[in-house]
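Enquirer:
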Amino acid sequence: MIILFSALFGAHLIADFLLQTKSLADKKQVEIPYLILHCFVHFAVTLLILSILGVKQNVIVLILIFIQHLIIDGIKPRLQGKRMSDHILFLYDQAAHIIILLIISYYWGEIVWNEDFCRILIYLSGIIGVMQFSGILMGLFTSDMIKRNPALENELDNGLKQGGKFIGILERLMIFLFIMIGQPLGAGFIFAAKSLLRMEPGEKHHKRMEYILVGTLFSFLLAILFSLYTKAVLNKLH
């Protein structure tokens, strides 16, 4: 079951975060043809991966993948702005996809896998998770924090444009690397170094420091979770 789930989850991450452009993500919310195109991309990516792995009954799996994206992604735009933060809606959306993938994996768990390909797919899933998935979630989360604290916006505008975004990507990739090579303590050094570099004296920047600390801890949590997931699935291949 876990190998099939990792394959389906990998296909989901590739189609949803690697191949989906921002333009497509915006247009699928208002135009049905783009929503169908998005569902077809998931269908095609999943077909390719399952064909390589040799999953039985993959026609049923593919139909379910197409339908679940059509329904969930069709409902999501109608829930936006209904007393729900964007990052919470994003988590609900992704949780719904993951639950369905788990159910599919439970009922169609017999596969013959290409171990080398499966290993590459698992590593790729982890990297997409720490870069794209976590990056989008962090962006939604921090935007919501700024909306609730308007005074933060002026302070943050003084920094390097998109500097925080790229710092976050790099720190999550480094944490991923440290955990993959069995050196999780390296993540502690990254956190300590970042904290020292971003420390500012006085009360003037108190809100900004709290914003940075919360964002850093959340970013680290996402990186650690994806790293542990990747390592756990890789161990199942042995």
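FYI, our numbering numbers position 219 of the sequence shown as 219, with every residue one higher than the one before it.
Where is the CB? At the ideal position from N, CA and C, for every residue including glycine.
Count the other CB atoms within 10 Å of the CB of residue 101; is the residue buried (16 or more) or exposed (fewer)?
Expert: What you label residue 101 is simply residue 101 of the sequence shown in a count that begins at 1. Label assigned to residue 101: buried.
Enquirer: Can you find at least 3 beta carbon pairs, one from the segment 220 to 236 and one from the segment 176 to 186, that sit closer than 8 Å?
Expert: Yes: the two stretches touch, three or more of their Cβ pairs being nearer than 8 Å.
Enquirer: Buried or exposed for residue 73, please, with buried defined as at least 16 other CB atoms from any protein chain shown within 10 angstroms of its CB.
Expert: Here residue 73 refers to the residue found at position 73 of the sequence shown. With 16 or more Cβ atoms within 10 Å of its Cβ, residue 73 is classed as buried.
Enquirer: Please confirm if the segment 119 to 133 is in contact with the segment 163 to 176, defined as three or more CB-CB distances below 8 Å between the two stretches.
Expert: Touching, per the Cβ criterion.
Enquirer: Per DSSP, what kind of secondary structure is residue 182 in: helix, strand or coil?
Expert: Here residue 182 corresponds to residue number 182 of the sequence shown, with the count starting at 1. Coil.
Enquirer: Among 165, 225 and 216, which residue has its Cα nearest to the Cα of residue 184?
Expert: For the purposes of this step, residue 184 is identified with residue 184 of the sequence shown, where counting begins at 1. For the residues 165, 225 and 216, the minimum Cα distance to residue 184 belongs to 225.
Enquirer: Is it right to say residue 121 is buried, meaning 16 or more other beta carbons lie within 10 angstroms of its own, or is it exposed?
Expert: As a first step, residue 121 is located in the sequence shown; it is residue number 121 there, counting from the start. Result: buried.
Enquirer: Taking the beta carbon of residue 221 as the centre, do at least 16 other beta carbons fall within 10 Å, making it buried, or is it exposed?
Expert: One-based indexing of the sequence shown puts residue 221 at position 221. By the 10 Å Cβ count, residue 221 comes out exposed.
Enquirer: Touching or not, the segment 139 to 147 and the segment 43 to 51, by the rule of three or more beta carbon pairs under 8 Å?
Expert: Counting Cβ pairs under 8 Å, fewer than three are found: no touch.
Enquirer: Could you check what DSSP says for residue 30 in three-state terms: helix, strand or coil?
Expert: Along the sequence shown, read from residue 1 onward, the residue named residue 30 stands at position 30. Residue 30: coil per DSSP, three-state reduction.
Enquirer: Assuming residue 34 and residue 24 are in contact, meaning their beta carbons sit under 8 Å apart, how far apart are those beta carbons, in whole angstroms?
Expert: The sequence position of residue 34 within the sequence shown is 34, counting from 1. The sequence position of residue 24 within the sequence shown is 24, counting from 1. With a Cβ gap of about 6 Å, residue 34 and residue 24 count as contacting.
Enquirer: Using only the alpha-carbon positions, how far apart do residue 69 and residue 21 sit?
Expert: If you number the sequence shown from 1, residue 69 lands on position 69. If you number the sequence shown from 1, residue 21 lands on position 21. Roughly 16 Å between the two C-alpha positions.
Enquirer: Where does the unbroken alpha helix (DSSP H) through residue 94 begin, and where does it stop?
Expert: Numbered from its first residue, the sequence shown carries residue 94 at position 94. Residues 86 to 107.
Enquirer: Note the first and the last residue of the continuous alpha helix (DSSP H) segment covering residue 145.
Expert: Taking the sequence shown and counting its residues from 1, one reaches residue 145 at position 145. Taken as a continuous stretch (DSSP letters only), the alpha helix (DSSP H) holding residue 145 covers 134 to 148.
Enquirer: I'd like the span of the alpha helix (DSSP H) that includes residue 116, first residue to last.
Expert: Translated into positions along the sequence shown, residue 116 becomes position 116. Here the alpha helix (DSSP H) through residue 116 covers 115 to 128.
Enquirer: For residue 16, count neighbouring C-beta atoms within 10 Å of its own C-beta (all shown protein chains included) and say buried if the count is 16 or more, exposed if not.
Expert: Counting from 1 along the sequence shown, the entry for residue 16 is found at position 16. Classification of residue 16: buried, given that the 10 Å Cβ count is 16 or more.
Enquirer: For residue 119 versus residue 4, is the C-beta distance shorter than 8 Å?
Expert: Looking up residue 119 in the sequence shown gives position 119. Looking up residue 4 in the sequence shown gives position 4. Not closer than 8 Å, so no.
Enquirer: Apply the 10 Å Cβ neighbour rule to residue 99 and answer buried if 16 or more other Cβ atoms are within range, or exposed otherwise.
Expert: As a first step, residue 99 is located in the sequence shown; it is residue number 99 there, counting from the start. Its Cβ having fewer than 16 others within 10 Å, residue 99 is exposed.
Enquirer: Does DSSP put residue 1 in a helix, a strand or coil?
Expert: As a working mapping, residue 1 is identified with position 1 in the sequence shown. DSSP places residue 1 in coil when its eight states are reduced to three.
Enquirer: Please say whether residue 138 and residue 188 have beta carbons closer to each other than 8 Å?
Expert: Locating residue 188 in the sequence shown gives position 188, where the first residue counts as 1. Locating residue 138 in the sequence shown gives position 138, where the first residue counts as 1. It is not a contact, given that the beta carbons lie outside the stated cut-off.
Enquirer: Taking C-alpha atoms, which residue in 64, 1, 26 and 97 lies nearest to residue 12?
Expert: Taking the first residue of the sequence shown as position 1, residue 12 is located at position 12. Nearest C-alpha to residue 12: 97.
Enquirer: Please tell me whether, using a cut-off of 7 Å, the distance from the CB of residue 78 to the nearest non-hydrogen atom of the ligand COA is below it.
Expert: In the structure on display, the ligand COA does not appear, and there are no ligands present to speak of.
Enquirer: Alpha carbon to alpha carbon, how far is residue 164 from residue 217? Give it in angstroms, no decimals.
Expert: Numbered from its first residue, the sequence shown carries residue 217 at position 217. Numbered from its first residue, the sequence shown carries residue 164 at position 164. Residue 217 and residue 164: Cα-Cα distance of roughly 14 Å.
Enquirer: Return helix, strand or coil for residue 230, following the three-state DSSP convention.
Expert: Start at 1 with the first residue of the sequence shown, and residue 230 comes out as number 230. In this structure, residue 230 counts as helix in the three-state DSSP scheme.
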